[in-house]
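>
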Amino acid sequence: MALYVRFERQDGRRGAGLLEGETIRVIAEPFWEETRPTGESVALTNVRLLPPCAPRSIVCVGLNYASHLQGRPAPDPPTLFFKPLSSIAGPGDPIVLPANCGRVDPEGEIVIVIGRQVKGANREQAEAAIFGYTAGNDVSARAWQQQDGQWWRAKGSDTFGVFGPAIVTGLRHDELEVVTRVNGREVQRGRSTELIRDIPEIVRYVSAVMTLVPGDIIYTGTPGSPPEIRPGDVVDVEVTGAGVLRNPVAAAGQDHAGGSG
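Residue numbers for the sequence shown follow my numbering, so the first one is -8 and each next one is one higher.
1) Starting from the Cα of Asn113, find the closest Cα among Thr202, Val240, Val194 and give me that residue.
2) Does DSSP put Pro156 in a helix, a strand or coil?
3) Ignoring anything shorter than 4 residues, give me the alpha helix (DSSP H) runs that lie fully in the stretch 27 to 98, in order along the chain.
4) Closest by CA to Val226, which one among Pro66, Asn174, Gly155?
5) Please tell me whether Thr184 and Asp207 are closer than 8 Å, where the distance is taken between their beta carbons.
6) Using DSSP bridges, identify the partner residues of Leu9.
7) Considering just the uninterrupted stretch of the alpha helix (DSSP H) at Gln141, what are its terminal residues?
8) Which whole-angstrom value is the C-beta distance of Asp129 and Thr213, which I expect to be below 8 Å?
9) By Cβ distance below 6 Å, which residues in the same chain neighbour Glu229 in space, the five residues on each side in sequence not counted?
10) Helix, strand or coil for Glu100 per DSSP?
11) By DSSP, does Gly249 sit in helix, in strand, or in coil?
12) For a test of the three-state rule: what should DSSP assign to Val173, helix, strand or coil?
13) Tell me whether Thr125 sits in a helix, a strand or coil according to DSSP, three-state version.
14) If you count every other CB in all the chains shown that lies within 10 Å of the CB of Gly111, and 16 or more means buried, which is it?
15) Between Phe154 and the rest of its own chain, which residues show a CB-CB distance below 6 Å, the 5 nearest in sequence each way excluded?
16) Rounded to the nearest angstrom, what separates Gly161 and Arg107 at their Cα positions?
17) I'd like the list of long-range same chain contacts for Arg237, defined as Cβ closer than 6 Å, with 5 residues on each side in sequence excluded.
18) Report yes if the CB atom of Gly215 is closer than 8 Å to the CB atom of His59, and no otherwise.
19) When the Cα of Ala1 is compared with those of Leu35, Pro66, Gly30, Met(-8), which residue comes out closest?
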């Protein structure tokens, strides 16, 4: 198992590395085909973690846990949607609630990170194209989600596409768990074995119509019924091996730092 991160130094320079305890062993980018240490190490406390990859496409699967469907039939075909790149936020970045958006919920999810170009894959090829996994928060404005024909603002507002802190490699797709906590209280828990459409099937289905490239990510769906979040809350999403993705919640117009790139 290895943990890949991207980071920003205090002087603004960015890089990637392997997270080993409180130290990052710097590696050359891109790291999809080969991990090449540069010989440099930096202390985790001296850098700011960024989203661990820079996707070209962000694909999301909706309604993929029976616990989230709450008795409704599973959609067939599955419900998929996109998040814009402008929605990306990383570890520690504030989740900013737009003005007049109504109720906003967190959605903790297992996120697939693609490591090789793939199109028209079968299940075996789909699984081979997966580099690793990270934690994601598919932040969702419920009123907008119900009102709009498309979920462009409900799911795609700035800071609503949160993922990180690390990409974990070397784990099986059927041994992952996601846990969401708000202010330290557990509000969601789900396992990859509970997914209606499992991880290789998700990649296979997506690749049937679009080319996936290294760094692309796929949110796999959220379990249970998450609660509303409000300014001042702190949301943690933990995925097996990938660490804890922690983000404060802020209202639009508050003094806060910008999102990660």
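The beta carbon of each residue, even a glycine, is placed where N, CA and C say it ideally should be.
Note that the coordinates shown come from a computational prediction; the quantities given were computed from them, not determined experimentally.
From the atom records:
1) For Asn113, the closest alpha carbon among the candidates Thr202, Val240, Val194 is that of Val194.
2) strand
3) If only complete runs of 4 or more residues are kept, the stretch 27 to 98 shows the alpha helix (DSSP H) at 57 to 60, in order along the chain.
4) Minimum Cα distance to Val226 is reached at Asn174.
5) In this structure, Thr184 lies away from Asp207, with their beta-carbon atoms at least 8 Å apart.
6) Tyr(-5), Arg16
7) Gln141 -> no alpha helix (DSSP H), and no H or E assigned at all.
8) 6 Å
9) Val170, Val235
10) Glu100 falls in the strand class under three-state DSSP.
11) Only weak support exists for where Gly249 lies, its pLDDT of 47 falling under 50; the value from the coordinates is given anyway. Note: Gly249 maps to coil in three-state DSSP.
12) strand
13) strand
14) It counts as exposed.
15) Pro42, Val102, Thr125, Gly127
16) 15 Å
17) Asp227
18) With respect to His59, Gly215 sits close: the two C-beta atoms are nearer than 8 Å.
19) According to the sequence displayed, residue 1 carries Gln and not Ala. The option with the nearest alpha carbon to Gln1 is Leu35.
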